[in-house]
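The structure appears below as structure tokens.
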Amino acid sequence: MSAAPTTLLTPPNSSAPANRETWPEIDRLPADTVLDIRADLGWYAAVKTAFDYGAALALLPFALVLIGLAALAVKLTSPGPVFYTQTRVGLNGRKYKIIKIRSMRANVEATSGIQWSQKGDSRVTPIGKFLRTSHIDELPQLLNVLMGDMSLVGPRPERPEVIQAKGLNHLVPGYRHRLRVKPGVTGLAQCQLDADSDVTSVRYKIVYDLYYVENQSLFLDLRLIGATLLRACKAGPSTLRRLFLLPSRRTVAAGFLANVVKPPAGAAPVAVLQPA
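Be aware that the sequence shown starts at 1354, since it is given in our numbering, and climbs by one per residue.
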């Protein structure tokens, strides 16, 4: 009996951005591709908690002013609570409650169901749209940093319901490895790519996430915090990449493909790129 065909990337999602650039070397990877990420994450991993705690305390007074103004705006323009908590998956799969300012209509998923937000999402309130583009809705997560659930910089935390419903552990090669570090308020993938909208977008983000997992450093974290501040002012990914010396698409892809243990049986060989 012949072997079953290798599971490839799911068919294109009709809600995917029409102008999204394809990524052939990542698109062609079968969903069951195995990656091996080195265990030694360097000396910085041991002291990063101290940096996170100190930086979060330093940012908190300024953040509290913005949080207060945003909370007032939400309260005056939209019925329902100002803040909400949501279960997310953190370090080594541990679940925790994230804290955010509400940017959608209250209890909207009771009717819409669990789904990623899309461009022009009607569930987002007018004030919520501004809070999202400016990332002010994320500022309460500084409390999550102080509680030890998150880092300032790291992969974006996802909901367990979304991981299960979208099959991310099965469809996204290397997805579990992103949990080897704490999730971040911001991160390399968040600074270079748009918000998740389908499985393909998650496959692309994991390439950046795993580059960060292997190359995290104080210098990289400081650059990403600066890049996040400029992104809130509408700076684009290419501008941020040049100003803050962030890795190119080719560089992160080369690192990702170098970690492929071996393609599943019957799959085409993976060509390892050289960094730009």
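Using N, Cα and C, we set each Cβ at its ideal position, and we do this for glycine too.
Check	Outcome
Residue from ARG1556, GLY1481, PRO1493 and CYS1586 whose Cα sits closest to the Cα of ALA1606	ARG1556
Distance, TRP1469 Cα to PHE1436 Cα	19 Å
Spatial neighbours of GLN1517 in its chain, beta-carbon cut-off 8 Å, leaving aside the 5 residues before and after	none
Nonlocal neighbours in the same chain, by C-beta distance under 6 Å from PRO1365, ignoring five residues either side	With a pLDDT of 41 at PRO1365, under the threshold of 50, the modelled position of this residue cannot be trusted, and the question is left open.
Neighbourhood of LEU1507 by C-beta, 6 Å cutoff - its chain only, sequence neighbours within 5 removed	The sequence shown places Gly at residue 1507, not Leu. Correct list, in chain order: VAL1534, LYS1535, PRO1536, GLY1537 and GLY1540.
Rounded separation between SER1431 and LYS1401 - CA only	38 Å
Exposure of PHE1609, with buried meaning 16 or more beta-carbon neighbours within 10 Å	buried
Presumed contact (8 Å Cβ cut-off) between ARG1584 and ASP1562, rounded CB distance	Incorrect: roughly 17 Å between the Cβ atoms, too far for contact.
Cβ-based burial, VAL1525 [other Cβ within 10 Å; buried from 16]	buried
Straight-line Cα distance separating LEU1394 from ASN1612	14 Å
Chain-order list of residues whose beta-carbon lies under 8 Å from that of ILE1390 (same chain, five-residue window excluded)	GLY1527, HIS1530, ARG1533, LEU1563, VAL1566, GLU1567 and ASN1612
Separation of PRO1590 from THR1375, as counted between CA atoms	16 Å
Contact check, LEU1505 vs ALA1408, beta carbons under 7 Å	yes
Cβ-Cβ distance between LEU1496 and ILE1452 below 7 Å	yes
Nonlocal neighbours in the same chain, by C-beta distance under 7 Å from VAL1461, ignoring five residues either side	ARG1476
Pair within 7 Å by beta-carbon distance, ILE1454 and LEU1417	no
Which residues DSSP lists as bridging MET1500, in chain order	MET1500 is not bridged to any residue.
Anticipated Cβ contact below 8 Å, GLY1443 with PRO1510, distance rounded	6 Å
Check whether TYR1397 and GLN1543 have beta carbons under 7 Å apart	no
Where ARG1576 falls, given that 16 or more other Cβ within 10 Å makes a residue buried	buried
DSSP three-state assignment for ARG1594, whether helix, strand or coil	helix
Rounded C-alpha distance that separates LEU1573 from LYS1428	37 Å
CB of LEU1630 within 7 Å of CB of ALA1580, strictly	Shown here, the chain extends from 1354 to 1629; a query on residue 1630 therefore has no answer.
Residues near VAL1515 in its chain [Cβ-Cβ closer than 7 Å; skip 5 each side]	ILE1467
Between the CA atoms of ILE1420 and GLY1501 - distance to the nearest angstrom	20 Å
Residues of its chain near ILE1489, where Cβ-Cβ distance is below 6 Å and the 5 sequence neighbours each way are ignored	LEU1419 and ALA1423
Complete beta strand (DSSP E) runs within the region 1534-1575 (minimum length 3 residues, chain order)	1537-1539
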